[in-house]
Structure formats: C-alpha cells, structure tokens
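Sequences listed follow chains H and G, in order.
Residue numbers for the first sequence follow our numbering, so the first one is 1 and each next one is one higher.
Residue numbers for the second sequence follow our numbering, so the first one is 1 and each next one is one higher.
Note that beta-carbon positions come from the ideal geometry of N, C-alpha and C, so glycine has one too.
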Amino acid sequence: MKLQTPRFGELEVTEADLISFPDGLPGFQGKRYVLFHKEEAPAIDWLQSVDEPEVALMTIDPAELGLDYRPEPKAAELAPLGADPDGSLEVRVILRPAEDAPGKLRVNLFAPLFFNPVNRLGIQIPLVGSGYEVSALWPPEPTEPPADS
Amino acid sequence: MLSLARRTGQKIRIGEDIVLVVREIRGRQVKLGIEAPSHVRVLREEIYEELCQANRVAAQSQEIPEALRMLRKTKDR
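Quick look at the structure:
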C-alpha cells in the first residue's frame with residue numbers, strides 16, 4: 001500500500017513491514033506502525049504510524065546513547081508480545097530535541113518500546129517505580145565532582 | 001458516570017475478571033486493591049496522561065537533532 005506522510009512524502013508499505021501495537025501507543029489512535037531508518041541519521045529508527053500519517057516518532061536503540069540503562073519490565077507486561085524463547089526482543093526509546101537546551105535531546109527512558117521481531121508485535125511499557133524519566137536530558141549534564149569538605 | 005458507595009472491604013466487579021476492593025479509607029485518601037488479568041494495564045491516570053503528552057510532543061518534532069546526525073550506528077541489525 002502507498003502511504004502519504006508529511007515527513008517522508010510517499011512511502012511504500014507492505015504487509016510484512018507492519019508492526020502491530022495491540023494496545024496502541026498512548027496519545028494516538030492507530031495500532032499499525034512501520035519502523036525504518038534513513039541515511040541522514042542511521043542511528044535513528046523512525047516509528048511511522050500507518051493509520052495516522054502525520055504521526056512519526058524518532059526512536060533509538062538505547063545502547064547507542066551509551067547510558068547505563070536497564071529497562072526491566074515484568075514478564076506479565078511483556079506477555080502481549082507473545083513467546084520470546086530466544087530473548088530476541090528489541091528495545092527503542094522515543095526522543096525529541098530539547099527545546100530548552102539547544103543541541104541536546106529529551107529521551108523517554110520511563111516508557112521504552114519493546115518489539116518482537118518474529119511476530120512483529122510492539123508495546124510501550126511505562127516502568128512505574130523505576131526512577132527513569134519521561135524527559136531525560138541527553139547527553140546528561142556532567143555531575144559535579146563532590147566538593148571537598 | 002456510574003457512582004457506587006462502598007465501605008472498607010467491599011468490592012466492585014467490572015466484567016468477568018476485574019475486581020476493585022476498597023482496602024483502606026483515611027481522611028481524603030482511599031487505598032484500592034485491583035485484581036485484573038495480566039493483559040489489562042492498570043495505571044494511575046496522571047501517569048497515562050503523561051505518557052500521552054510525551055508521545056504527542058515527540059511526534060511534533062520531526063527534525064533530526066544535530067547531536068544524532070553524527071552518531072553512527074554501532075550495532076548491526
């Protein structure tokens with residue numbers, strides 16, 4: 001099928017490209033998305049909504065950000081993604097430019113996305129109680145060395 | 001909206017498999033217990049709203065930040 005998007009113009013999307021979010025993504029109506037990257041920024045995976053063409057989110061594998069980031073959702077929270085015998089689930093975090101800190105990013109570490117590449121199901125899981133932030137600044141501010149006392 | 005009066009220990013059943021129980025009432029706060037199947041996501045409303053807001057704001061920024069143009073993919077996919 002052909003998809004007209006404001007960000008990328010016309011995209012050719014096949015059934016096999018689709019990632020299905022059975023619970024949707026909070027804030028949006030659609031449940032079908034595609035994930036792809038462009039040469040202009042190979043580290044970024046765009047999550048483009050098929051049902052709402054104006055919705056396109058920048059995501060990244062958190063490993064690319066060099067953070068000590070270990071999202072650990074409960075098994076029950078991952079259950080909607082189906083069986084994952086090989087531990088092949090992929091993680092992405094949503095990011096946007098930090099409007100108050102030029103050149104930096106805000107990364108949603110609180111609610112990462114998980115994908116099962118085998119059945120192409122996806123889910124966004126809020127890590128309640130984890131201490132991770134919805135709008136974490138990246139690169140992080142250097143922490144002050146402890147003052148001598 | 002349906003409103004039901006309940007006392008401590010009393011329950012409300014929603015559909016076949018969701019049960020709310022009033023665990024404790026203290027001053028202006030009530031503690032609820034929730035039994036639901038694992039596929040039903042239970043969240044404080046303000047957290048859900050925060051997720052919606054964060055996703056919508058992110059969808060409005062579709063220009064790639066300079067800091068990421070430089071970043072080369074390190075992991076093969």
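Am I right that residue i and residue j are in contact with their C-beta atoms under 8 Å? What's the rounded C-beta distance?
| i | j | result |
| --- | --- | --- |
| Val19(G) | Arg7(G) | At roughly 16 Å, the Cβ-Cβ gap does not stay under 8 Å, so Val19(G) and Arg7(G) are not in contact. |
| Ala36(G) | Val42(G) | 6 Å |
| Ala136(H) | Leu113(H) | That belief does not hold up - the Cβ atoms of Ala136(H) and Leu113(H) are roughly 15 Å apart, past 8 Å. |
Taking 8 Å as the threshold (beta carbon to beta carbon), is residue i in contact with chain H?
| i | result |
| --- | --- |
| Ala5(G) | no |
| Gln53(G) | yes |
| Arg41(G) | yes |
| Leu71(G) | yes |
| Arg28(G) | no |
| Asp76(G) | Note that Asp76(G) scores 49 on pLDDT, short of 50, meaning its location in the model is unreliable; the coordinates nonetheless yield the value given after this. Answer no: the Cβ-Cβ gap between Asp76(G) and chain H never drops below 8 Å. |
What residue range does the beta strand (DSSP E) around residue i cover?
| i | result |
| --- | --- |
| Ile60(H) | 56 to 60 |
Would a check of beta-carbon distances place residue i closer than 8 Å to chain G?
| i | result |
| --- | --- |
| Ser135(H) | yes |
| Asn116(H) | no |
| Glu39(H) | no |
| Leu57(H) | yes |
Who are the neighbours of residue i on chain G, taking C-beta pairs under 7 Å?
| i | result |
| --- | --- |
| Ile44(H) | Ile64, Leu68 |
Below 8 Å on C-beta distance, what does residue i contact in chain H?
| i | result |
| --- | --- |
| Gln10(G) | Within 8 Å Cβ-Cβ: nothing; Gln10(G) doesn't reach chain H, min ~26 Å. |
Run through chain G and tell me which residues come within less than 8 Å of residue i, C-beta to C-beta.
| i | result |
| --- | --- |
| Ala83(H) | Within chain G, no residue comes near Ala83(H); the closest Cβ sits about 14 Å away, beyond 8 Å. |
List the residues of chain H whose Cβ lies closer than 7 Å to the Cβ of residue i, in chain order.
| i | result |
| --- | --- |
| Glu50(G) | Val134 |
| Ala59(G) | Val55, Ala56, Leu57 |
Just curious, the alpha helix (DSSP H) that residue i is in, first and last residue?
| i | result |
| --- | --- |
| Arg69(G) | 66 to 69 |
For residue i, which residues in chain G fall below 9 Å Cβ to Cβ?
| i | result |
| --- | --- |
| Ala79(H) | Ser38, His39 |
Check whether the region 31 to 46 of chain H touches the region 68 to 88 of chain H, counting contact only when three or more Cβ pairs, one atom from each stretch, lie closer than 8 Å.
Counting Cβ pairs under 8 Å, fewer than three are found: no touch.
Measuring CB atoms only, is the region 22 to 33 of chain G touching the region 20 to 36 of chain H, in the sense that at least three cross pairs come out at less than 8 Å?
Counting Cβ pairs under 8 Å, fewer than three are found: no touch.
Is the region 6 to 19 of chain H in contact with the region 59 to 66 of chain H, if contact means three or more CB pairs nearer than 8 Å?
no
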